[in-house]
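This report refers to the structure that appears directly beneath it.
In structure tokens:
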């Protein structure tokens, strides 16, 4: 069974919904970054600093976070068995944060941005 639904909104409501969605997406990325800070490997500090300094990038409901060093993707893909120099740090830091805290992050962000 297939069907289509078309909802016509006045321009003001549509613009307001678009702004709220954009804000929720941005804040979700920001909160994920904030929650990930302490798990980003720290050996020299450059990886963590590049992530925090860059913050959330993008616009118009297309946001992203990252670690902007030449070696970030290599560290990201280190095995789970890696002996990290800083306790509590790990590989795939954003992914791990999202898996463990994503539902709470979403709930918190949506709650703060209710219409």
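Residue numbers (this note's numbering): 604 to 718. Glycine included, C-beta positions come from ideal geometry on N, C-alpha and C.
Sequence-distant residues of its chain with Cβ nearer than 8 Å to residue i (five each side left out)
i	result
residue 681	694
residue 645	651, 688, 689 and 692
residue 622	none
residue 626	716
residue 683	693 and 694
Cβ-based neighbour list, residue i, same chain, cut-off 7 Å, excluding 5 preceding and 5 following
i	result
residue 624	664
residue 643	650, 651, 654, 670, 692 and 696
residue 659	629, 632, 633, 636, 666 and 668
residue 679	694 and 695
residue 708	631, 634, 635 and 638
Closer than 8 Å: residue i CB and nearest the ligand MG heavy atom
i	result
residue 713	Absence of the ligand MG is noted for the structure shown, with no ligands found whatsoever.
Close beta carbons around residue i, own chain, < 6 Å, minus the five adjacent residues each side
i	result
residue 639	696, 697 and 700
Secondary structure, alpha helix (DSSP H): runs of 4+ residues fully inside the segment 617 to 703
With a minimum length of 4 residues, the continuous alpha helix (DSSP H) runs that stay inside the segment 617 to 703 are 649 to 657 and 675 to 679.
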